[in-house]
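S.K.: Going by my numbering, the first residue of the sequence shown is number 33, and it counts up by one from there.
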Amino acid sequence: MSSVSLRGVSKVYAPGVRVIQGVDLDIAAGEFMVFVGPSGCGKSTLLRMVAGLEDISGGELLMDGRRMNDLAPAERGVAMVFQSYALYPHMSVFDNMAFGLRQARMPRAEIDTLVRRTAATLQLDAMLDRLPKALSGGQRQRVAIGRCIVRQPRVFLFDEPLSNLDAALRVQMRIELAKLHRRLGCTVIYVTHDQVEAMTLGERIAVFNAGRIEQVGAPLDLYAEPANLFVAGFLGAPRMNLLPAMAQRAAGGGQLALRLPTGAGLTLPVPPACKAAAGDAFTLGLRPEHLYLVSHGSGLAGQVELVEHLGDSRIAYVRCQGLETPLAVRLRELDGHLPPGTPVRLLPDGSRCNLFDAQGRAVALLRGDAHASHGLTPQHHYFQA
Numbered sequence: 033m034s035s036v037s038l039r040g041v042s043k044v045y046a047p048g049v050r051v052i053q054g055v056d057l058d059i060a061a062g063e064f065m066v067f068v069g070p071s072g073c074g075k076s077t078l079l080r081m082v083a084g085l086e087d088i089s090g091g092e093l094l095m096d097g098r099r100m101n102d103l104a105p106a107e108r109g110v111a112m113v114f115q116s117y118a119l120y121p122h123m124s125v126f127d128n129m130a131f132g133l134r135q136a137r138m139p140r141a142e143i144d145t146l147v148r149r150t151a152a153t154l155q156l157d158a159m160l161d162r163l164p165k166a167l168s169g170g171q172r173q174r175v176a177i178g179r180c181i182v183r184q185p186r187v188f189l190f191d192e193p194l195s196n197l198d199a200a201l202r203v204q205m206r207i208e209l210a211k212l213h214r215r216l217g218c219t220v221i222y223v224t225h226d227q228v229e230a231m232t233l234g235e236r237i238a239v240f241n242a243g244r245i246e247q248v249g250a251p252l253d254l255y256a257e258p259a260n261l262f263v264a265g266f267l268g269a270p271r272m273n274l275l276p277a278m279a280q281r282a283a284g285g286g287q288l289a290l291r292l293p294t295g296a297g298l299t300l301p302v303p304p305a306c307k308a309a310a311g312d313a314f315t316l317g318l319r320p321e322h323l324y325l326v327s328h329g330s331g332l333a334g335q336v337e338l339v340e341h342l343g344d345s346r347i348a349y350v351r352c353q354g355l356e357t358p359l360a361v362r363l364r365e366l367d368g369h370l371p372p373g374t375p376v377r378l379l380p381d382g383s384r385c386n387l388f389d390a391q392g393r394a395v396a397l398l399r400g401d402a403h404a405s406h407g408l409t410p411q412h413h414y415f416q417a
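1) Are the beta-carbon atoms of residue 265 and residue 251 separated by less than 8 Å?
2) Along the chain, which unbroken stretches of the alpha helix (DSSP H) at least 4 residues long are found entirely within the segment 64-118?
3) Quick one: is residue 207 buried, meaning 16 or more other Cβ sit within 10 Å of its Cβ, or exposed?
4) What number of angstroms, rounded off, separates the C-alpha of residue 186 from the C-alpha of residue 83?
5) Let me check one thing: in DSSP terms, what residues is residue 190 bridge-paired to?
6) Are the CB atoms of residue 59 and residue 78 within a distance shorter than 8 Å?
7) Rounding to the nearest angstrom, what Cα-Cα distance links residue 298 and residue 290 in this structure?
8) When you compare each of 183, 169 and 179 to residue 194 by their alpha carbons, which one comes out closest?
9) Are the CB atoms of residue 380 and residue 335 nearer to each other than 8 Å?
10) Pick out whichever of 238, 347, 228 and 71 has its Cα sitting closest to the Cα of residue 202.
11) Looking only at its chain, what residues have a beta carbon closer than 6 Å to the beta carbon of residue 244, apart from the 5 residues adjacent to it on each side?
12) Can you check which of these residues, 97, 325, 96 and 101, is closest to residue 90 by C-alpha distance?
13) With distances taken from CA atoms, which of 317, 355 and 269 is nearest residue 393?
14) Nearest-angstrom Cα distance between residue 359 and residue 292?
15) Quick one: what does DSSP say residue 255 is sitting in, helix, strand or coil?
16) Could you compute how far the alpha carbon of residue 226 sits from the alpha carbon of residue 174?
17) Classify residue 183 as helix, strand or coil using the three-state DSSP reduction.
18) Where does the unbroken beta strand (DSSP E) through residue 43 begin, and where does it stop?
19) Please identify the residue among 160, 239, 378 and 363 whose C-alpha is closest to the C-alpha of residue 56.
20) Helix or strand or just coil, what does DSSP make of residue 302?
21) Under the DSSP definition of a beta bridge, which residues are partnered with residue 315?
22) Along the alpha helix (DSSP H) that carries residue 213, what are the first and last residues, could you check?
23) Between 337, 371 and 331, which lies nearest to residue 382 when the distance is taken from Cα to Cα?
24) Output the distance between the C-alpha atoms of residue 42 and residue 97, rounded to the nearest integer angstrom.
25) Near residue 320, what residues of its chain come up, given a Cβ to Cβ distance below 7 Å and the 5 sequence neighbours on each side ignored?
26) To the nearest angstrom, how far is the alpha carbon of residue 385 from that of residue 263?
27) Straight-line CA distance for residue 417 to residue 378?
28) If you measure between the beta carbons of residue 160 and residue 113, is that distance less than 8 Å?
29) Measuring CA to CA, which of 178, 158, 388 and 366 is closest to residue 147?
30) Run the CB neighbour count on residue 145, radius 10 Å, all protein chains shown included, and call it buried at 16 or more, exposed below.
31) I'd like to check one pair, residue 288 with residue 310: are the Cβ atoms closer than 8 Å?
32) Give the DSSP bridge partners of residue 360, in chain order.
33) Give the DSSP-derived three-state secondary structure of residue 287 in the structure shown.
34) Do residue 397 and residue 257 have their beta-carbon atoms positioned less than 8 Å apart in this structure?
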């Protein structure tokens, strides 16, 4: 396993066409790093630059401190698993996995040992004589992964390897990849646009947008404390609710408070660390699990548009006064039946809010208590139809 460092790495295809904008990132040896972001954000291009399949226009790529920019792909000690399995259709599973080792002129006995040991690890040992056409999608992907493992690379590179699989297989393969990483202790860089894959697989996540890294951190840290509105809106399913708010000073020149949209009847204290003045505009971020349905009292007034039944949970989408998009609310077990059109009020958990300034940057985490002033505690925040 090897560490990987990117120092001001950029990619320019033509004058004015800059797809990677000077990326700086350190990946520790043995770490599982996930690149996540929307289509076209540059994550796969950067992965191909690490592999040597794309030239580096500027900056440095280092592995264990050694500069790799000018080395051929075969000399970098990396192995890549592609979105398409890229298996040789006329070769057996054994021959597909052994092909690279034969090209490297490894002794036949050593090849046989490596391939069979790897096949057993991936539960492919009973399929070594089959052709790819006789395998399921998940089995083909395991062969592609096995072909990389036998080469014993310093770094594994995965480019959206599960996107061609159905939902059940994706879950199974995520588990297998996580177990494989723990067993091998290898360095992994994994590219995906699927935030569920990113959150469940990555030890750390790098969130990409327009060729830049917006934030790097542990999955739960990024979920709880996004650095800006892009990360807040991208990570999480459903995404974080974003509400406009304005700083206002209480009558008599008291403490600044955030007032939510018209009709809410709610204010939240502005944290002392937040440099704000009366009239400043902010965006309040609330995860669906931090909004509560109430049938009376203060709150954001609205109507239920839709309830998604996800088996283990329910998500209600509520159209509120003064907001352009409906708010997502993760319903509690005690919340009653909510047909479309049901009038409700939403009460935010004031101890679990994220605050962003007018430029979209995170400026504070609200840790006040929005419950006390409304005579409610979190366990009482349920809607009874």
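Quick reminder that beta carbons are idealized off the backbone N, C-alpha and C, glycines included.
For clarity, every value in this text was computed on a predicted model and none was experimentally measured.
M.R.: Considering the structure as presented:
1) In this structure, the beta-carbon distance from residue 265 to residue 251 does not fall below 8 Å.
2) Whole alpha helix (DSSP H) segments, 4+ residues: 75-83.
3) Residue 207 is exposed by the Cβ-count criterion.
4) Cα atoms of residue 186 and residue 83: separation of roughly 11 Å, rounded to the nearest angstrom.
5) Note: residue 190 sits in a beta bridge opposite 113 and 222.
6) Contact annotation: residue 78 and residue 59 have beta-carbon atoms that are not nearer than 8 Å.
7) Using only the alpha carbons, I get a separation of about 8 Å.
8) For the options 183, 169 and 179, the alpha carbon positioned closest to that of residue 194 is the one of 169.
9) At least 8 Å separates the beta-carbon of residue 380 from that of residue 335.
10) It is 228.
11) Contacts found: 53.
12) When only C-alpha atoms are compared, the closest one is 101.
13) When only C-alpha atoms are compared, the closest one is 317.
14) The alpha-carbon atoms of residue 359 and residue 292 are separated by roughly 14 Å.
15) Helix, per DSSP.
16) The C-alpha of residue 226 lies about 19 Å from the C-alpha of residue 174.
17) DSSP places residue 183 outside both helix and strand once states are collapsed to three, so it counts as coil.
18) If you look at residue 43, you'll find it in the beta strand (DSSP E) that goes 36-46.
19) Closest option to residue 56, Cα to Cα, is 239.
20) Reduced to three states, the DSSP call for residue 302 is coil.
21) Checking the DSSP bridge columns, you'll see residue 315 partnered with 276 and 388.
22) Looking at the DSSP string, the run of the alpha helix (DSSP H) that includes residue 213 is 199-216.
23) When only C-alpha atoms are compared, the closest one is 331.
24) Residue 42 and residue 97 have their C-alpha atoms spaced approximately 19 Å apart.
25) Answer for residue 320: 270, 273, 347, 360, 361 and 362, listed in chain order.
26) Distance from the CA atom of residue 385 to the CA atom of residue 263, rounded to whole angstroms, is 15 Å.
27) Because the pLDDT at residue 417 is just 43, under 50, the model does not fix this residue reliably, and the value given afterwards should be weighed accordingly. Approximately 14 Å, taken between the alpha carbons.
28) At least 8 Å separates the beta-carbon of residue 160 from that of residue 113.
29) Comparing alpha carbon positions, the residue from 178, 158, 388 and 366 closest to residue 147 is 178.
30) So residue 145 counts as exposed.
31) Residue 288 sits close to residue 310, with the two beta carbons spaced by under 8 Å.
32) Per DSSP, the beta-bridge partners of residue 360 are 349.
33) It is coil, neither helix nor strand.
34) Judged by beta-carbon spacing, residue 397 lies within the 8 Å limit of residue 257, meaning their Cβ atoms are closer than that value.
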